[in-house]
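Peer 1: For reference, the structure I am asking about is given below.
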Amino acid sequence: MKRILKEPLLHFLLLGAVLFIVYGVMPKPGAGGNSGTIVVTMGQVENLAATFAKTWQRPPTPEELAGLVQDRVREEVYYREAKALGLDEDDTVIRRRLRQKMQFISDDIAAQIEPTDEELAAYLQAHPDSFRIEPTFTFRQVFLDPAKHGESLSRDATQLLAQLNKAGADADTASLGDALILEQRFAALPARVVAAQFGDKFVASLSKLSPGQWQGPIESGYGVHLVLITEKTEGRLSELSEVRDAVRREWDNARRLEANEKFYHELLKRYTVTIEGLASKDGPDKRMEAAAK
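For the sequence shown, the numbering used here assigns the number 4 to the initial residue and increments by one for each residue that follows.
Structural data, given as structure tokens:
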């Protein structure tokens with residue numbers, strides 16, 4: 004018996020029976036011809052069952068499905084009675100939710116539009132800073148703490164710079180300079196990341212240096228540094244092929260906002276907006292269409 008109860012076919016048959024019974028006892032659309040009629044359609048029942056299955060990874064039992072249907076009826080009863088009592092009026096939460104649902108309509112319309120490569124390229128050209136590839140720096144640095152060196156900072160930096168250039172790119176910097184919480188080696192670090200660690204002034208100075216030899220000192224928020232740049236790439240505008248997905252997301256968002264505005268202003272044309280008490284040279288009851296836009 005237990006084995007039979009576990010059979011998926013039995014569950015399917017029981018579910019079908021419940022759907023048939025519920026659909027049979029529910030009034031059909033149009034029955035009664037008045038607002039006191041509540042119809043739970045076959046499609047709604049199937050949707051309740053599908054939602055349950057998606058949540059719990061199994062179909063509902065007949066008892067569970069019947070409970071879902073009854074809860075749907077209870078929700079409809081409360082909804083209608085609340086509207087009849089005007090409980091939906093002047094409710095900020097409900098008003099915002101309905102506004103959101105109206106915006107969803109225009110969002111759905113905008114989502115159907117597929118941009119061409121020409122449109123995406125034009126959007127990229129119109130918003131270059133949003134998709135610009137940053138400069139990157141691969142470099143080594145040796146730190147000198149001004150608090151430790153005092154007035155001899157410039158002399159010490161000059162001597163250390165000469166020592167580093169004599170050793171060249173193979174200089175062992177582990178025991179040189181002063182302790183710092185940051186690393187001594189950085190590979191292909193974007194300019195904004197360098198700025199976050201060393202400061203904008205450091206990045207500006209780093210951008211002016213040529214790769215190949217130890218240079219400095221250059222200042223940061225910590226003190227001064229001797230720097231060896233081994234590689235750097237210049238910032239540039241991205242090619243569409245490099246950032247197509249990002250451009251498409253931004254393009255979609257811009258079209259969505261544009262569609263929302265157009266949708267709203269088309270709806271606004273159906274209304275005459277009067278803002279009482281708004282001061283103007285023509286009197287407090289001047290019709291202020293601009294204020295409604």
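Just so you know, even glycine gets a beta-carbon here, dropped at the ideal spot from N, CA and C.
For clarity, every value in this text was computed on a predicted model and none was experimentally measured.
Pop quiz: K211 and T139 are said to be a contact at Cβ under 8 Å. What is the actual Cβ separation, rounded to whole angstroms?
Peer 2: About 16 Å separates the two Cβ atoms, so there is no contact after all.
Peer 1: Which class does A177 belong to by DSSP, given the choice of helix, strand or coil?
Peer 2: coil
Peer 1: Classify R188 as helix, strand or coil using the three-state DSSP reduction.
Peer 2: Note: R188 maps to strand in three-state DSSP.
Peer 1: Consult DSSP for V43 and reduce its assignment to one of helix, strand or coil.
Peer 2: coil
Peer 1: Please state the DSSP three-state secondary structure of V96.
Peer 2: helix
Peer 1: My output table needs one value for L240: the three-state DSSP class, helix, strand or coil.
Peer 2: In the structure shown, L240 falls within a strand segment according to DSSP collapsed to helix, strand and coil.
Peer 1: A172 and T233 - do their beta-carbons sit closer together than 9 Å?
Peer 2: yes
Peer 1: From A240 to V250, what does the alpha carbon distance come to, in whole angstroms?
Peer 2: In the sequence as displayed, the identity of residue 240 is Leu instead of Ala. In a straight line, the C-alpha of L240 is about 13 Å away from that of V250.
Peer 1: Would you tell me roughly how many angstroms separate the C-alpha atoms of A160 and R143, rounded to the nearest one?
Peer 2: Between A160 and R143, the C-alpha separation is close to 15 Å.
Peer 1: Can you name the start and end residues of the beta strand (DSSP E) that Q60 belongs to?
Peer 2: First-last for Q60: undefined, no H or E at that position.
Peer 1: Express the C-alpha separation of V145 and H152 in angstroms, rounding to a whole number.
Peer 2: 14 Å
Peer 1: Grab me the residues of N50's own chain with a C-beta within less than 8 Å of its C-beta, minus the 5 sequence neighbours each way, in chain order.
Peer 2: none
Peer 1: Within 10 Å of its beta-carbon, does Y126 have 16 or more other beta-carbons around it, so buried, or fewer, so exposed?
Peer 2: By the neighbour-count rule (16 or more Cβ atoms within 10 Å), Y126 is buried.
Peer 1: Might you give, ordered along the chain, the residues of its own chain that have their beta carbon closer than 7 Å to the beta carbon of G35, omitting 5 neighbours on each side?
Peer 2: Here G35 scores only 36 on pLDDT, less than 50, and its place in the model should not be relied on; the value that follows carries that caveat. A distance below 7 Å between beta-carbons, with the five flanking residues on each side excluded, links G35 to no residue of its chain.
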